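In this note's numbering, the protein residues as written are 3 to 767. The beta-carbon is built from N, C-alpha and C at its ideal position, and this holds for glycine as well. As the structure is a prediction and not an experimental result, all values here were calculated from the model. Okay, structure first, notes after.
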């Protein structure tokens with residue numbers, strides 16, 4: 003008879019041999035045969051009942067340890083660029099184990115959300131419990147959907163809120179998460195993406211409440227685009243422990259009257275400015291300009307919980323009713339906000355400019371300031387225009403007028419530099435206390451706004467130039483010139499409008515400005531501004547300098563908003579390292595992962611832009627929803643094969659005129675020219691045409707708006723509304739009522755012929 007091992011012996015052996023945990027493996031290891039196997043089974047069952055072992059698929063393992071081969075889900079890279087993973091087979095108690103992925107050169111690139119099969123090895127490092135080596139990638143994270151829950155006899159279904167989404171999701175009775183009829187929910191895929199037996203299945207993971215509640219509008223976009231809106235406990239705890247920075251190792255700037263100028267409703271103030279005449283006789287008429295920026299790097303140090311979360315978010319996201327900040331309020335609204343009368347840590351730059359606005363030099367300091375006043379744009383402008391209030395009156399001569407004098411010099415330099423000068427009015431959604439839209443106004447564009455913008459641009463240039471000169475890694479803000487195909491499309495649009503865009507030379511912003519100035523004050527101004535904007539590439543972050551085309555600058559980086567942009571925090575750390583101000587500058591990991599950080603924060607910026615745009619669309623749809631049947635004027639802002647988009651003059655809302663309602667004929671869609679051409683009538687519909695439309699649909703939950711076309715370029719238009727299959731791109735249909743508006747029956751064979759037809763039409767008018 004073989005000697006049975008003790009329970010401790012069994013546990014020690016399983017711990018040392020995690021890949022051999024079947025009962026037969028244990029029996030073989032201890033030489034247990036015959037009837038003794040019954041006693042071994044009893045011991046294993048007792049260990050299981052006592053919680054020391056867990057039996058899964060005929061194997062035994064420590065419930066507080068992961069299987070040696072596990073399914074993991076990849077997390078967001080941390081501040082050092084390391085990839086960690088979440089175990090999907092964790093059933094233990096206490097804190098979930100931390101798993102570091104150890105990539106090999108032959109491994110495919112892994113991203114957040116990927117699911118992998120990996121071999122685990124137990125380690126005893128300070129920051130992780132396991133190291134994982136990839137066996138194979140087995141898929142991405144489950145797809146998520148935000149929609150309206152509709153209860154049914156067997157669970158229910160989810161109607162997505164995405165514009166254009168037609169596929170619903172089914173929810174099993176045990177996967178509803180307690181959701182009620184009509185609630186807004188977030189769900190994840192619970193089966194195959196394509197189900198041959200019906201719609202795909204989903205499991206509700208979060209209930210978001212009443213979808214018609216005014217403040218649900220931005221919440222929808224936040225969850226739809228995966229923007230993190232809750233700070234982890236360790237991040238909040240780290241922020242709450244922070245204390246205000248003192249004067250030690252800092253330049254004392256508290257006697258310098260650095261003022262903040264922000265929107266009237268701003269909660270944080272991360273930049274302050276001051277200007278005075280330069281007393282150096284060699285710089286007659288010149289100015290000394292100070293720009294001080296909150297020293298966020300003092301509080302958010304590399305590798306900290308705050309740093310990891312800030313990098314994950316990438317930037318703050320702004321909505322009409324809320325802000326999703328990059329940093330907790332203890333920092334963004336308090337310690338890193340340059341409040342009036344409170345000492346605050348800053349990184350400041352002192353710049354000398356001459357009378358013509360040329361920057362002669364700069365010097366950065368790490369300092370402590372105390373702002374004498376927090377002002378808003380409107381009161382500053384009013385003071386300069388002769389209407390100071392009690393707050394701005396004492397500051398008018400010593401502070402405000404010198405600021406405007408320095409701005410006048412910088413404005414002259416800007417005119418010589420010729421950055422892109424687009425004129426696209428910004429609309430602002432105004433909400434009441436309950437979150438309902440009360441109006442859609444044009445945002446003010448005061449000289450005070452332009453003053454701050456010009457000062458910030460100059461400070462950003464100074465930061466980039468300083469780091470380049472000191473050979474310190476940084477993140478550039480890059481804006482490349484338009485690609486040839488988009489430039490040619492813009493040239494076609496300009497020619498169709500009777501305007502010219504220079505050809506056959508190296509493109510500069512002044513060439514585009516010449517086009518914009520030709521259109522200024524004409525009926526084509528908005529069309530040309532929109533077309534120019536569409537021709538631009540999207541700006542992004544990069545550790546390599548490809549210059550900033552739109553601003554006509556060779557060296558440009560973001561330095562002035564570290565509260566809301568991670569890119570600026572990286573630049574601040576670069577300045578700290580370059581000036582040897584402390585050990586909270588760029589870390590080795592910061593530098594090694596700069597490329598990945600640039601890509602990530604460029605992506606999060608686009609994510610926020612899409613969420614903000616979707617929120618605006620929904621608010622506008624809600625604002626218009628009680629005006630169905632009303633008529634509006636606007637311009638054609640987009641052409642697609644499925645219809646025409648019109649932007650309303652009054653609100654800036656974009657809505658679709660489906661192609662099936664445009665008339666009983668086949669429409670040729672020319673993507674390059676941006677036109678629809680009627681096959682039978684020669685009727686052409688192009689960007690920028692004036693339109694009068696009737697509102698036929700406004701869906702607040704999706705943000706969808708639909709119109710019926712009544713007039714085009716001030717001529718009557720007989721549309722074919724009332725449903726039916728769109729007739730633009732199937733078999734052409736002839737007959738039916740003849741449209742009133744005709745351009746002749748000639749069929750354009752190429753973009754040149756179409757432009758000629760357009761010019762003829764304009765000449766007739």
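- Under DSSP, residue 526 forms no beta bridge with any residue.
- DSSP places residue 695 inside the beta strand (DSSP E), whose first and last residues are 692-701.
- The region 280-320 contains, as complete alpha helix (DSSP H) runs of 4+ residues, the segments 307-315 (chain order).
- Here the C-alpha atom of residue 84 lies approximately 20 angstroms from the C-alpha atom of residue 544.
- Counting only residues of its own chain and dropping the five nearest sequence neighbours on each side, residue 225 has a CB closer than 6 angstroms to the CB of 148, 188.
- Exclusion of the five residues before and after residue 332 leaves 241, 242, 244 as the residues of its chain whose Cβ lies within less than 7 angstroms of its Cβ.
- Excluding the 5 residues flanking it on each side, residue 314 has same chain C-beta neighbours closer than 7 angstroms at 78, 230, in chain order.
- Looking at the DSSP output, residue 561 sits in no beta bridge, so it has no partner there.
- Nearest C-alpha to residue 171 among 183, 181, 190, 184: 190.
- Straight-line measurement puts the Cα of residue 624 at about 26 angstroms from the Cα of residue 206.
- By the 16-neighbour rule on beta-carbons within 10 angstroms, residue 446 is exposed.
- Taking a contact to require three or more Cβ pairs closer than 8 angstroms, the region 462-479 and the region 357-377 qualify as touching.
- Here DSSP, grouped into helix, strand and coil, assigns residue 182 to coil.
- The three-state reading of DSSP puts residue 660 in strand, counting E and B together.
- Annotation: residue 504 to residue 513 spans about 7 angstroms, alpha carbon to alpha carbon.
- In this structure, residue 677 and residue 322 do not form a Cβ contact; the two beta carbons are roughly 35 angstroms apart against a cut-off of 8 angstroms.
- Straight across, the Cα-Cα distance linking residue 707 with residue 634 is about 13 angstroms.
- Every alpha helix (DSSP H) stretch that sits fully inside the region 199-255 and reaches 4 residues is listed by chain position as 218-226, 235-242.
- In the three-state reduction of the DSSP assignment, residue 364 falls in the strand class, which pools E and B.
- A check of alpha carbon separations from residue 515 across 530, 525, 75 identifies 530 as the nearest.
- Taking all protein chains shown into account, residue 595 has 16 or more neighbouring C-beta atoms within 10 Å of its C-beta and is therefore buried.
- DSSP, read as helix, strand or coil, puts residue 538 in coil.
- Within the same chain, and ignoring the five residues on either side of residue 636 in sequence, the residues whose Cβ sits closer than 6 angstroms to its Cβ are 648, 649, 650, 651, 693.
- At a Cβ-Cβ threshold of 8 angstroms, residue 430 and residue 443 count as neighbours.
- Scanning its chain for C-beta atoms nearer than 6 angstroms, with the 5 sequence neighbours on each side dropped, one finds around residue 339 the residues 270, 271, in chain order.
- Its chain contains 345, 370, 371, 372 as the residues whose beta carbon lies nearer than 8 angstroms to that of residue 256, once the 5 sequence neighbours on both sides are disregarded; these appear in chain order.
- Among the bridge pairs identified by DSSP, residue 162 is matched with 149.
- Here the region 475-492 lies against the region 544-558, with 3 or more beta-carbon pairs under 8 angstroms apart.
- Look at residue 353 here: in three-state DSSP terms it is strand.
- In the displayed model, residue 341 falls within coil according to three-state DSSP, outside both helix and strand.
- Between the alpha carbons of residue 600 and residue 385 lies a gap of roughly 41 angstroms.
- By the neighbour-count criterion, in which a residue is buried when 16 or more other Cβ atoms sit within 10 angstroms of its Cβ, residue 533 is buried.
- In this structure, the straight-line span from the alpha carbon of residue 605 to that of residue 666 is close to 43 angstroms.
- In the displayed model, residue 581 falls within a helix according to three-state DSSP.
- By the criterion of at least three beta-carbon pairs nearer than 8 angstroms, the region 273-283 is in contact with the region 392-410.
- Straight across, the Cα-Cα distance linking residue 684 with residue 157 is about 53 angstroms.
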